[in-house]
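Trainee: My questions will all concern the structure given below.
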Amino acid sequence: MAFQETHVIDTHIQTINRQFQSTQSLWTHYCGLLSFSPSFVLSENLTPSNPRMILSKVSHRQKFYTLIHVLVLYAPASSGKARREFFYYVLDTLTSSDLAIDYQKLIILGDFNYSYQRANLSSHTSLRWVSYLEETFYNVMQCDDHINIPTFRRNDEITSIIDYIFISNNLRTAIQSTDIHRLQSSWIDHQLLSLSINLGLTPTGFGLWLANPLLMKNKDYRYQLKQRLHHIALQDQWDHIKSETRKFTRSFAMDYSSWRAKPLKSLQSKRNAFLRSQVPLALRLQCLPIIDQQIESLQQELVEISALKAGIR
Numbered sequence: 030m031a032f033q034e035t036h037v038i039d040t041h042i043q044t045i046n047r048q049f050q051s052t053q054s055l056w057t058h059y060c061g062l063l064s065f066s067p068s069f070v071l072s073e074n075l076t077p078s079n080p081r082m083i084l085s086k087v088s089h090r091q092k093f094y095t096l097i098h099v100l101v102l103y104a105p106a107s108s109g110k111a112r113r114e115f116f117y118y119v120l121d122t123l124t125s126s127d128l129a130i131d132y133q134k135l136i137i138l139g140d141f142n143y144s145y146q147r148a149n150l151s152s153h154t155s156l157r158w159v160s161y162l163e164e165t166f167y168n169v170m171q172c173d174d175h176i177n178i179p180t181f182r183r184n185d186e187i188t189s190i191i192d193y194i195f196i197s198n199n200l201r202t203a204i205q206s207t208d209i210h211r212l213q214s215s216w217i218d219h220q221l222l223s224l225s226i227n228l229g230l231t232p233t234g235f236g237l238w239l240a241n242p243l244l245m246k247n248k249d250y251r252y253q254l255k256q257r258l259h260h261i262a263l264q265d266q267w268d269h270i271k272s273e274t275r276k277f278t279r280s281f282a283m284d285y286s287s288w289r290a291k292p293l294k295s296l297q298s299k300r301n302a303f304l305r306s307q308v309p310l311a312l313r314l315q316c317l318p319i320i321d322q323q324i325e326s327l328q329q330e331l332v333e334i335s336a337l338k339a340g341i342r
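Using the numbering used here, you'd call the opening residue of the sequence shown number 30 and step up by one each time.
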């Protein structure tokens with residue numbers, strides 16, 4: 030997972046890593062890159078002198094997959110001149126022979142702070158940089174018709190597309206899915222862009238399962254558990270209550286998790302389709318808040334569960 034505009038300081042890094050339950054992370058003042066699997070190893074930041082970028086070589090601990098490079102960018106927002114100079118620097122860095130980057134397996138993502146939909150693109154960014162991306166990389170949001178979905182919102186009326194994920198043309202066949210997820214406005218004014226790629230197959234085990242204590246707040250869970258235990262004979266309750274509770278809770282939690290994920294995905298898709306249809310502003314202002322409120326409710330529940338897993342609640 031990549032972050033931009035973080036303004037992170039050293040004293041906060043440990044807390045952030047614990048909240049996100051990352052196994053490894055790289056941070057600068059403006060950017061972050063997190064790995065959530067102990068199998069995927071991030072190299073040190075290969076561009077430590079510029080806080081607006083992180084370049085890391087991602088490898089697999091058991092070498093199941095070939096190496097890829099990930100470049101996270103946060104371009105200057107307020108000055109077109111500063112933004113052009115930044116992308117000149119990025120381009121010079123990428124084409125430097127010192128880093129030995131495999132351009133056939135490179136992912137570039139972040140907040141570029143320019144939009145292809147704006148007039149006079151040359152005043153907002155480096156045309157050399159734009160040409161480099163067009164010739165060598167692929168904008169993954171073209172896959173599932175997300176290309177015109179806004180990624181940034183100043184308010185309900187002002188939106189733009191300034192966040193991107195580009196991958197090497199050779200990786201296009203590895204794309205499984207892409208999406209744009211609306212996040213709570215109280216958290217951030219950007220959307221979450223996601224990319225799923227298939228780098229190969231690896232054996233996995235069943236892992237460790239623990240019950241979610243938030244289920245105790247769920248009336249259906251309490252009622253169904255009571256009904257389940259009610260049918261156990263009194264003489265068997267002491268011996269079987271733990272195993273029955275465990276089996277029922279696991280089954281209920283899996284169904285409930287699936288229930289929560291499906292409507293959230295459906296709502297995100299419904300929102301993107303609504304924006305894609307280019308509806309009039311008045312209708313957008315009327316309908317979007319209803320969808321957004323439903324999305325925020327489900328997201329908040331997921332956040333509370335994640336906080337429990339992270340041990341901060």
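Note that the Cβ used here is the ideal one computed from N, Cα and C, for glycine as well.
#1: To which residues of the same chain is residue 198 closer than 6 Å at the C-beta, ignoring the five residues directly before and after it?
#2: Within 8 Å, do at least three Cβ pairs link the stretch 115-132 to the stretch 42-57?
#3: Look at residue 141 and residue 217 and say whether their C-beta atoms are less than 8 Å apart.
#4: Can you give the Cα-Cα distance for residue 81 and residue 244, rounded to whole angstroms?
#5: Taking just the CA atoms, how far does residue 272 sit from residue 211?
#6: Determine, using beta carbons only, whether residue 42 and residue 62 come nearer to each other than 8 Å.
#7: Within the continuous beta strand (DSSP E) that includes residue 140, where are the two ends?
#8: Kindly indicate which three-state DSSP category residue 99 falls into: helix, strand or coil?
#9: Just the Cα atoms here: how many angstroms apart are residue 297 and residue 126?
#10: Can you tell me whether residue 234 is buried or exposed? The criterion is at least 16 other CB atoms within 10 Å of its CB, across all chains shown.
#11: Can you tell me the Cα-Cα spacing of residue 194 and residue 254, whole angstroms?
#12: Residues in its own chain within less than 7 Å of residue 146 by CB, not counting five upstream and five downstream?
#13: Under 8 Å by Cβ, that's how I've got residue 87 and residue 75 pegged, so tell me the actual separation to the nearest angstrom.
#14: Note down the Cα distance separating residue 144 from residue 119, rounded to an integer number of angstroms.
#15: Can at least three beta-carbon pairs, one atom from the stretch 157-166 and one from the stretch 88-96, be found at a separation below 8 Å?
#16: Using a Cβ-Cβ cut-off of 7 Å (strictly less than) and excluding sequence neighbours within five positions of residue 201, which residues of its own chain qualify?
Mentor: Looking at the atomic coordinates:
#1: 167
#2: no
#3: no
#4: 42 Å
#5: 40 Å
#6: no
#7: 135-140
#8: strand
#9: 42 Å
#10: Bear in mind that a pLDDT of 47 at residue 234, under 50, signals an unreliable position, so the model cannot answer this.
#11: 45 Å
#12: 190
#13: Wrong, their Cβ atoms sit about 12 Å apart, outside the cutoff.
#14: 18 Å
#15: no
#16: 167
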